[in-house]
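Chemist: So for the sequence shown, our numbering puts the first residue at 378; every next one is plus one. Just so it is clear, CB atoms sit at the ideal spot from N, CA and C, and this is done for glycine as well. Just so you know, these numbers come straight off a predicted model, no measurement behind them. One structure, as structure tokens, below. Some questions next.
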Amino acid sequence: MKNIIKSLVVIGAFALTSCESNLDKINENPNDQATIDPKSLLTYVSKSAFQVNGDNMYASRMLIGIDGENSYQYMKWNDSSFEAYTGGLLNTVKMMQEAERINNKNYIAIGKFLRAYYFFNLSLKSGSIPYSEAVKGESGITQPKYDSQESVMSGILTELKEANDLINTTDKIEGDIIYNGDAMKWKKLINSFRLKILITLSKKTSVGNYTIATEFASIAGSQPLMSSIADNGELKFADVADSRYTMFNNSGYGSSLYMADYFINLFKTRQDPRLFTFAAQTTSAKEAGKPVTDFTGYNGGNPTSPYSDNAALVAAKNISKINDRFYKDPTNEPSSVLSYPELEFILAEATARGWISGSAKTHYENAIKGSFSFYQTYVKNPNLYFAGFNVNNYLTTSLVSYDNSASLASQLEKIMTQKYMTMFHQSQWTSYYDYLRTGFPNYPLQTGVSAPLRFRYPQTEYNYNSVNLKAALAAQYGGTDNINSKPWWLQ
């Protein structure tokens, strides 16, 4: 089966969207099956889509490197990647085609969710992307046009609405490593993800035919949503080959990765014990015999300083490495694309903005409680870190307590700060995009350096789809492919 899946990926590299090759004909392997059970493709695509992305940790001021200048840490990145087209999206479309063949609506619904997830992230990275003509190499479209970012966002909202209508409790879902075949949990994730897209577009009032606030209120008021961490859209890892935690045995994580002071200090000033699950004590604190729960035993490096300055902190034994569970524990913690705590923060923000009725404070507190529940559930020996901790007391402290009557800016700062504190190695680039659209939390930046608003398009697009790419650049950015050009969703 593994060979069958690999053959599909190889075909995609030639026939997919942005023309990785100009071959007129692809030789077919007569030993490959013409069909494949969608359950095998669901397993494969889910495993890929839900993996951890470590690069965001640098850009979001959570981690720093000391062995060289990391482009994400110093906000100097360039090209994006369209690999999702030749991997995840191609196999998702194949899964949906096979689901049509066996008349299983649930695989089609999950396929629509996965399409929405991939296109959402691809578009946020760069702007306009191939969408309506994408993944149609078998139909002869090897140089797809680019759709505007608004069209992409409107289109994936429609696909998710269709997915919600299709999902059912009759059709079996096998090969499901996310929800073990529970259709209702997929329905909750689908609708929760609709809200995530809408809140991400908070700077806009409409997208396509959707009025954003109205659509948000309609979904939140009438559709099933995540209600506990048991509903998290997450991948759990296992201590078997090809199923271990993404960063397990990652040499860089064990040797040159350290905590950023901006991130650490948010926890230290709030006396928040989640810090102990993310970071290791400084070497000097260990040598002094300080308890693991002593906040003075943790220190970070400045993400805006030259990496050599932070290397000096290592020599002085005064900087915390990442907690070794992230590279020594083969199962560590699940990796989410959307969690219940994140959803509650989304609902808190929507309430603060007046999109829905209710108490933003209640949603905010639910989110924080859900986050603590997550770490107390999945971190080994949680009593070591959380002994004597009371989350209700934590919620009353000055830096954490929430006031429904405060200004919108004050409410957003509280929400975004705590939301950011839940996203260490979680939810891909969400924390960075939240920063771009709200300004919170207030990331430290080098003097004269602004936070990039997007990635450049991949070089492969210039090589194989240049006419359509140049038309998209002219329509969006005056023809210039620049990381500081403002995409539609931020205007």
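1. Leaving aside the five residues before and after ASP456 along the sequence, list all residues of the same chain whose C-beta is less than 8 Å from its C-beta, in chain order.
2. Roughly how many angstroms separate the alpha carbons of SER628 and LEU785, rounded to a whole number?
3. Leaving aside the five residues before and after CYS396 along the sequence, list all residues of the same chain whose C-beta is less than 7 Å from its C-beta, in chain order.
4. Quick check: the Cα distance between TYR741 and PHE749, rounded to an integer number of angstroms?
5. With respect to the alpha helix (DSSP H) encompassing TYR755, which residues constitute its N-terminal and C-terminal limits?
6. Determine which residues share a DSSP beta bridge with LYS698 and list them.
7. Out of SER583, TYR797 and VAL826, which has the shortest C-alpha to C-alpha gap to LEU652?
8. Return the Cβ separation of PHE801 and PHE655 in integer angstroms, given the expectation that the two are a contact with Cβ distance under 8 Å.
9. For LYS738 and THR794, I'd like the C-alpha separation in whole angstroms.
10. How about ASP638 and GLY678: do their beta carbons lie closer than 9 Å?
11. Quick check on DSSP: helix, strand or coil for ARG492?
12. Exposed or buried, ILE479, counting other C-beta atoms within 10 Å across all chains shown (16 or more means buried)?
13. Hey, would you say LEU499 sits closer than 9 Å to THR469, going by beta carbons?
14. Where in the segment 449-511 do unbroken runs of the alpha helix (DSSP H), each at least 4 residues long, occur, reported from the N-terminal end onward?
15. Answer with buried or exposed for GLY856, where buried requires no fewer than 16 other C-beta atoms within 10 angstroms of its C-beta.
16. State the CB to CB distance for the pair PRO864 and GLN526, rounded to an integer number of angstroms; the pair is presumed to be in contact (CB under 8 Å).
17. In the DSSP assignment, what are the bridge partners of ALA656?
18. Output needed for MET472: all residues of its chain with C-beta closer than 7 Å, excluding positions within five of it in sequence on either side, in chain order.
19. If you scan the segment 593-651 from start to end, which runs of the alpha helix (DSSP H) of 4 or more residues do you find wholly inside it?
20. Between which two residues does the beta strand (DSSP E) containing ILE441 stretch?
21. Specify the secondary structure class of ARG814 as computed by DSSP and reduced to three states.
22. When we look at the beta-carbon of LEU683 and count the other beta-carbons within 10 Å, is it buried (16 or more) or exposed?
23. By alpha-carbon positions, which one of SER505, PHE497 and GLN428 ends up nearest to ALA849?
24. Determine the DSSP secondary structure at ASP432, reduced to helix, strand or coil.
25. Quick check: the Cα distance between LEU867 and LEU830, rounded to an integer number of angstroms?
26. Shortest alpha-carbon distance to LYS663 belongs to which of LYS694, ARG814 and ILE574?
27. Which residues in the same chain have their Cβ closer than 6 Å to the Cβ of ASP811, if we skip the five residues on either side of it in sequence?
28. Quick one: residues in its chain with C-beta nearer than 7 Å to the C-beta of ASN700, no 5 flanking neighbours on either side, listed in chain order?
29. Please confirm whether any heavy atom of the ligand SAM lies closer than 8 Å to the CB of SER528.
30. With a cut-off of 8 Å on the beta carbons, I'd call THR878 and TYR622 a contact; round off their distance for me.
31. Can you say whether ALA692 is buried or exposed, counting buried as having 16 or more other CB atoms within 10 angstroms of its CB?
32. Candidates ASN687, GLN803, TYR779 and ASN859: which alpha carbon is nearest ASN609's?
33. With DSSP collapsed to three states, give me the class of THR588.
34. In three-state terms, what does DSSP make of ARG833?
35. Under DSSP, the beta strand (DSSP E) around LEU715 begins and ends at which residues?
36. Taking the CB atoms as reference points, tell me whether ILE576 and GLU790 lie closer together than 9 Å.
Modeler: The answer reads as follows:
1. Correct list, in chain order: PHE832, ARG833, TYR834, PRO835 and GLN836.
2. Whole-angstrom Cα-Cα distance: 43 Å.
3. Unreliable positioning characterises CYS396 in this predicted model, as indicated by a pLDDT of 37, which lies under 50. The coordinate reading is nonetheless provided below. Contacts found: THR519, GLN520, TYR841 and ASN842.
4. Going from the Cα of TYR741 to the Cα of PHE749 covers about 13 Å.
5. Where TYR755 is concerned, the enclosing alpha helix (DSSP H) stretches over 737-755.
6. Beta-bridge pairing links LYS698 to TYR635.
7. Checked all of SER583, TYR797 and VAL826; the closest Cα to LEU652 is TYR797.
8. The Cβ separation is near 5 Å, so the contact holds.
9. Just so you know, the alpha carbons of LYS738 and THR794 end up roughly 14 Å apart.
10. Closer than 9 Å, so yes.
11. In the three-state scheme derived from DSSP, where H, G and I count as helix and E and B as strand, ARG492 is classed as helix.
12. Exposed, because fewer than 16 other Cβ atoms sit within 10 Å of the Cβ of ILE479.
13. Cβ distance not < 9 Å, so LEU499 and THR469 don't count as in contact.
14. Qualifying alpha helix (DSSP H) stretches, in chain order: 467-479 and 482-503.
15. Taking all protein chains shown into account, GLY856 has fewer than 16 neighbouring C-beta atoms within 10 Å of its C-beta and is therefore exposed.
16. Rounded, the Cβ-Cβ distance is 6 Å, consistent with contact.
17. Paired residue(s): ILE699.
18. Around MET472: PRO415, LEU418, LEU419, VAL422, TYR484 and GLY488.
19. The segment 593-651 contains these whole alpha helix (DSSP H) runs: 628-632 and 638-647.
20. 440-442 is the span of the beta strand (DSSP E), which, as asked, contains ILE441.
21. Annotated three-state conformation of ARG814 is helix, per DSSP.
22. It is worth fixing the name first, because residue 683 is Pro in this sequence and not Leu. Exposed, because fewer than 16 other Cβ atoms sit within 10 Å of the Cβ of PRO683.
23. Looking at the Cα atoms, SER505 is the closest of the given residues.
24. Looking at ASP432 - three-state DSSP - the assignment turns out to be helix.
25. Taking the straight line from one Cα to the other gives about 8 Å.
26. LYS663 has its Cα closest to that of LYS694, out of LYS694, ARG814 and ILE574.
27. Once the five neighbours on either side are set aside, the close Cβ partners of ASP811 are MET793.
28. So the qualifying residues of the chain are THR654, PHE655, ALA656 and ALA657.
29. Questions concerning the ligand SAM fall outside what the structure shown contains, since it holds no ligand whatsoever.
30. Nothing about residue 878 can be reported from this structure: the residues present for the chain run from 378 to 868 only.
31. By the C-beta density criterion, ALA692 is exposed, having fewer than 16 other C-beta atoms within 10 angstroms.
32. Of ASN687, GLN803, TYR779 and ASN859, the residue nearest in Cα terms is GLN803.
33. DSSP places THR588 within a strand segment (E or B) once states are collapsed to three.
34. In the three-state reduction of the DSSP assignment, ARG833 falls in the strand class, which pools E and B.
35. Start and end: 712-715.
36. Not a contact, by the Cβ cut-off of 9 Å.
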